[in-house]
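Here the structure is laid out as structure tokens; the discussion comes afterwards.
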Amino acid sequence: MQEPNKQTTLSSFGTGWRHVLLSFIVIGSLASMLSMQPFGQNPDYHDFADRRAFFGIPNFFDVMSNIPFLLVGMAGMSFCFGNRLVSFRPAWLTFFAGVAIVSVGSGYYHWNPTNETLVWDRLPMTIGFMGLFVAVLAEYVSARLGRFLLVPALLMGLSSVFYWHWFDDLRFYVWIQFIPLLTVPVVMVLFRPRYSHQWLLLVALACYMLAKLSEAYDREVFMFTQSLFSGHSFKHLLSALGCFSVLVMLKTRRPVDDESTP
Numbered sequence: 253m254q255e256p257n258k259q260t261t262l263s264s265f266g267t268g269w270r271h272v273l274l275s276f277i278v279i280g281s282l283a284s285m286l287s288m289q290p291f292g293q294n295p296d297y298h299d300f301a302d303r304r305a306f307f308g309i310p311n312f313f314d315v316m317s318n319i320p321f322l323l324v325g326m327a328g329m330s331f332c333f334g335n336r337l338v339s340f341r342p343a344w345l346t347f348f349a350g351v352a353i354v355s356v357g358s359g360y361y362h363w364n365p366t367n368e369t370l371v372w373d374r375l376p377m378t379i380g381f382m383g384l385f386v387a388v389l390a391e392y393v394s395a396r397l398g399r400f401l402l403v404p405a406l407l408m409g410l411s412s413v414f415y416w417h418w419f420d421d422l423r424f425y426v427w428i429q430f431i432p433l434l435t436v437p438v439v440m441v442l443f444r445p446r447y448s449h450q451w452l453l454l455v456a457l458a459c460y461m462l463a464k465l466s467e468a469y470d471r472e473v474f475m476f477t478q479s480l481f482s483g484h485s486f487k488h489l490l491s492a493l494g495c496f497s498v499l500v501m502l503k504t505r506r507p508v509d510d511e512s513t514p
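Residue numbers (our numbering): 253 to 514.
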């Protein structure tokens, strides 16, 4: 009679420390970010390299390079609506809805780059970030956790943008943007996958990291390409490619047999 109790206790301990470590990483990273000195939006951020206008559209390539977000977002939502096997569909739908809306918000911002229009770029981005974050937690850690977190996570994401806009403090928004980059690899290491093709999540994260690098070297890329394409336009394409990797993962993956999983 004692042996099952011991086995259950050991199993609970083996799972529990992973939850504690994950919670420590999420809460600790937020506390670390908020312990930093507040920092606002650099006015030079709006000074993009490619200001060319075509067909009456200012900053043409930075505006039009957002179209892939719309295509991937719409394709993702269509797949989630039409496939009942998608685990925890609300979070995946939230992710792809955010991706689709980014095309509008970012296009609007790049038409006339200011702090005021930047709000409409960042709001849908937080929807996408939090949708992905909760979807991964729901699939790897607990579906119940996903159901509990989705709405609060979305509210936190949206509030981070308003907090920056009202107080010119980017700390909370930066944490919202990078928490999926931080936690997704950790979750993949700590918890057993339920589906195949999870490596495509890492491809998506790598694309986003390359996108941020391309953004940082906006002018250098523009000069390297002989003023054909800027780093910020490449950022949009790389980010959309990362989102497309997530869609490919959902379309191609299969449930992992627990008995064959080491």
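Just so it is clear, CB atoms sit at the ideal spot from N, CA and C, and this is done for glycine as well. Predicted model only: the values in this text are computed from it and were never measured.
*Out of 329, 302, 290 and 326, which has the shortest C-alpha to C-alpha gap to residue 316?*
Taking the first residue of the sequence shown as position 1, residue 316 is located at position 64. Minimum Cα distance to residue 316 is reached at 302.
*Determine the DSSP secondary structure at residue 290, reduced to helix, strand or coil.*
Sequence index remark: in the sequence shown, residue 290 carries index 38 (1-based). Coil.
*Can you pull the DSSP bridge partners for residue 309?*
The sequence position of residue 309 within the sequence shown is 57, counting from 1. Answer is 306.
*Using 10 angstroms around the beta-carbon of residue 329, count the other beta-carbons present and answer buried if the total reaches 16, otherwise exposed.*
Here residue 329 corresponds to residue number 77 of the sequence shown, with the count starting at 1. Looking at its Cβ environment, which holds 16 or more other Cβ atoms inside 10 Å, residue 329 is buried.
*asked:* Please tell me whether residue 438 and residue 319 are closer than 9 Å, where the distance is taken between their beta carbons.
replied: By 1-based counting over the sequence shown, the position of residue 438 is 186. By 1-based counting over the sequence shown, the position of residue 319 is 67. Their beta carbons are not under 9 Å apart, which means residue 438 does not touch residue 319 by this criterion.
_Anticipated Cβ contact below 8 Å, residue 388 with residue 452, distance rounded_ = As a first step, residue 388 is located in the sequence shown; it is residue number 136 there, counting from the start. As a first step, residue 452 is located in the sequence shown; it is residue number 200 there, counting from the start. The pair is not a contact, with the Cβ atoms about 12 Å apart (cut-off 8 Å).
*Using only alpha-carbon positions, find the residue among 361, 466, 505 and 383 that is nearest to residue 486.*
Position 234 of the sequence shown, counted from the start, is the residue given in the question as residue 486. The shortest CA-to-CA distance from residue 486 to any of 361, 466, 505 and 383 is the one to 466.
_Cutting at 6 Å between CB atoms, please list the residues of its own chain near residue 495, excluding the five before and the five after it._
Within the sequence shown, residue 495 is the residue found at index 243, counting from 1. Taken in chain order, the residues that qualify are 324 and 351.
*Check whether the Cβ atoms of residue 428 and residue 382 sit closer than 9 Å, and answer yes or no.*
Position 176 of the sequence shown, counted from the first residue, corresponds to residue 428. Position 130 of the sequence shown, counted from the first residue, corresponds to residue 382. Yes. Within cutoff.
*asked:* Taking the beta carbon of residue 273 as the centre, do at least 16 other beta carbons fall within 10 Å, making it buried, or is it exposed?
replied: Here residue 273 refers to the residue found at position 21 of the sequence shown. Of the other Cβ atoms in all chains shown, fewer than 16 fall within 10 Å of the Cβ of residue 273; this residue is therefore exposed.
_Exposed unless 16 or more other CB atoms sit within 10 angstroms - verdict on residue 512_ = For the purposes of this step, residue 512 is identified with residue 260 of the sequence shown, where counting begins at 1. With a pLDDT of 43 at residue 512, under the threshold of 50, the modelled position of that residue is not reliable, and the figure given next carries that caveat. For residue 512, the number of other beta carbons within 10 angstroms of its own is below 16, and it is reported as exposed.
*Return the CA-CA distance between residue 265 and residue 394, expressed in angstroms with no decimal places.*
Here residue 265 refers to the residue found at position 13 of the sequence shown. Here residue 394 refers to the residue found at position 142 of the sequence shown. Bear in mind that a pLDDT of 43 at residue 265, under 50, signals an unreliable position, so the number given afterwards is only what the model happens to contain. Rounded to the nearest angstrom, the two C-alpha atoms are 16 Å apart.
*Apply the 10 Å Cβ neighbour rule to residue 279 and answer buried if 16 or more other Cβ atoms are within range, or exposed otherwise.*
Position 27 of the sequence shown, counted from the first residue, corresponds to residue 279. Residue environment analysis places residue 279 among the exposed positions, since fewer than 16 neighbouring C-beta atoms fall within 10 angstroms of its C-beta.
*Quick one: grab the DSSP three-state call for residue 260.*
Within the sequence shown, numbered from 1, the residue matching residue 260 stands at position 8. At residue 260 the pLDDT is 43, less than 50, meaning the model places this residue with poor confidence; the figure from the coordinates comes in the next sentence. In this structure, DSSP gives residue 260 a helical state, which the three-state scheme calls helix.
*List the endpoints of the continuous alpha helix (DSSP H) containing residue 349.*
Taking the sequence shown and counting its residues from 1, the one referred to as residue 349 is at position 97. 341-363 is the extent of the alpha helix (DSSP H) around residue 349.
*Inter-stretch contact (C-beta, 8 Å, three-pair minimum) for the segment 288-296 and the segment 416-435*: Two segments are said to touch when three or more pairs of C-beta atoms, one from each, lie closer than 8 Å; by this definition the segment 288-296 touches the segment 416-435.
*asked:* In the DSSP output, which residue or residues are listed as bridge partners for residue 507?
replied: Within the sequence shown, residue 507 is the residue found at index 255, counting from 1. In the DSSP output, where bridge partners are listed per residue, residue 507 has 447.
*Compute the distance between the beta-carbons of residue 398 and residue 343, then report whether it is under 9 Å.*
Here residue 398 corresponds to residue number 146 of the sequence shown, with the count starting at 1. Here residue 343 corresponds to residue number 91 of the sequence shown, with the count starting at 1. The criterion of a C-beta distance shorter than 9 Å is satisfied by residue 398 and residue 343.
*Note the first and the last residue of the continuous alpha helix (DSSP H) segment covering residue 429.*
As a working mapping, residue 429 is identified with position 177 in the sequence shown. Judged by DSSP secondary structure, residue 429 falls within the alpha helix (DSSP H) whose first and last residues are 423-442.
*Check the C-beta distance from residue 375 over to residue 361 and give it rounded, since I have them as a contact under 8 Å.*
One-based indexing of the sequence shown puts residue 375 at position 123. One-based indexing of the sequence shown puts residue 361 at position 109. In this structure, residue 375 and residue 361 do not form a Cβ contact; the two beta carbons are roughly 10 Å apart against a cut-off of 8 Å.
*Alpha carbon to alpha carbon, how far is residue 372 from residue 410? Give it in angstroms, no decimals.*
On the sequence shown, residue 410 is found 158 positions in, with the first residue counted as 1. On the sequence shown, residue 372 is found 120 positions in, with the first residue counted as 1. Looking at the two C-alpha atoms, the distance is approximately 11 Å.
*asked:* On the CB-based measure, 16 or more other CB atoms within 10 Å of its CB, does residue 444 come out buried or exposed?
replied: Stepping through the sequence shown from its first residue, residue 444 is reached at position 192. The residue in question, residue 444, is exposed, as its Cβ has fewer than 16 Cβ neighbours within 10 Å.
*Can you grab the Cα-Cα spacing for the pair residue 367 / residue 432, in whole Å?*
Within the sequence shown, numbered from 1, the residue matching residue 367 stands at position 115. Within the sequence shown, numbered from 1, the residue matching residue 432 stands at position 180. For the pair residue 367 and residue 432, the Cα-to-Cα distance works out to about 25 Å.
*Can you give the Cα-Cα distance for residue 509 and residue 339, rounded to whole angstroms?*
Taking the sequence shown and counting its residues from 1, one reaches residue 509 at position 257. Taking the sequence shown and counting its residues from 1, one reaches residue 339 at position 87. Roughly 16 Å separates the two Cα atoms.
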